[in-house]
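Sequential numbering of the sequence shown, starting at 46, is according to our numbering. Worksheet for the structure shown next.
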Amino acid sequence: MAELVFFSGTMDCGKSTLALQMDHNHLARGQRGLIFTKLDRAGQSVLSSRLGLSTRAIEVTDDVDFWDYVVAEASHLAKVDYLICDEAQFYRPEQVEQLARIVDEMGVDVYAFGITADFRTELFPGSRRLIELADRVQVLQVEALCWCGNRATHNARVIDGVMVVEGAQVVVGDTAAGSGEVEYEVLCRRHYMRRMNSAAARAAATSPDVLPIDLEICPVPLPRG
Numbered sequence: 046m047a048e049l050v051f052f053s054g055t056m057d058c059g060k061s062t063l064a065l066q067m068d069h070n071h072l073a074r075g076q077r078g079l080i081f082t083k084l085d086r087a088g089q090s091v092l093s094s095r096l097g098l099s100t101r102a103i104e105v106t107d108d109v110d111f112w113d114y115v116v117a118e119a120s121h122l123a124k125v126d127y128l129i130c131d132e133a134q135f136y137r138p139e140q141v142e143q144l145a146r147i148v149d150e151m152g153v154d155v156y157a158f159g160i161t162a163d164f165r166t167e168l169f170p171g172s173r174r175l176i177e178l179a180d181r182v183q184v185l186q187v188e189a190l191c192w193c194g195n196r197a198t199h200n201a202r203v204i205d206g207v208m209v210v211e212g213a214q215v216v217v218g219d220t221a222a223g224s225g226e227v228e229y230e231v232l233c234r235r236h237y238m239r240r241m242n243s244a245a246a247r248a249a250a251t252s253p254d255v256l257p258i259d260l261e262i263c264p265v266p267l268p269r270g
């Protein structure tokens, strides 16, 4: 049976790389798919990975109807075996419902990729609907790391080196330092809650007014048994 699968994780955990790999694997088996994305860091109509890989994609706007798109392909005798849907957190909930309908009524596999929560730790509407409707939600195995070395669990928005927790939910940026006015950084929960991104940690480490306890590194839990 066809499935709607949501691959989730923080930034920098390899979601887009996996999307490209899955498309390659299906193509190698003679299948035909459609690749969708929205607000990719590399620009419109492209699915890109931070490893330097990229491919052309269909840009998802708010008026895109996935059901109508796939039906139109079928009416032109263009077989569709699967959909790759990157940056799915930005999709409208209604569009996620269209993807579920494609799986159920057309037997087309849909592989969606996206982050679950925004820089305020609130679920994106598209991600919330995917969690509610997906046959499987799979957290990626590759762990992004906080500046302290522990597993990163939160996406922080950074403007001019300072972490912020207010603003529009969707602002395009990247995790690469110096990538623009708005950047993103993945943090562990402890340092997210303390609003201590890597720039703040570096500044605190060189300040004579900061005690070592204020720059506490996340403890690594000892193995049991």
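By construction, the Cβ of each residue, glycine as well, lies at the ideal position given by its N, Cα and C atoms.
Taking a contact to mean a Cβ-Cβ separation below 8 Å, would you say G159 touches P138 in this structure?
no
Check whether the Cβ atoms of V231 and N195 sit closer than 8 Å, and answer yes or no.
no
Looking at the C-beta of M67, does it have a partner C-beta in chain C at a distance below 8 Å?
Note that chain C does not occur in the displayed structure, where there is just one protein chain.
Under 8 Å, do A157 and L168 count as touching if we go by C-beta distance?
Taking 8 Å as the cut-off, the Cβ atoms of A157 and L168 do not count as close.
Residues near Q134 in its chain [Cβ-Cβ closer than 6 Å; skip 5 each side]
G159, I160, F169, G171, S172
Within the chosen definition, does the segment 66-74 reach the segment 118-136 through at least 3 CB pairs nearer than 8 Å?
yes
Drop a sphere of 10 angstroms on the beta-carbon of E48, count the other beta-carbons inside from all chains shown, and report buried for 16 or more, exposed for fewer.
exposed
Determine whether the beta carbon atoms of V153 and R174 lie at a separation below 8 Å.
no
Quick check on this structure: which residue in R101, I176, G75, Q89 has the alpha carbon closest to the alpha carbon of A64?
Residue R101 holds the alpha-carbon nearest to the alpha-carbon of A64 among R101, I176, G75, Q89.
In the structure shown, what three-state DSSP assignment does N70 receive?
helix
Just reading off the beta strand (DSSP E) that H199 is part of, what are its end residues?
Counting along the chain, the beta strand (DSSP E) containing H199 begins and ends at 199-204.
If you run the structure through DSSP and keep just helix, strand and coil, what is T28?
Residue 28 lies beyond the residue range present for the chain, which begins at 46 and ends at 270; the question has no answer from this structure.
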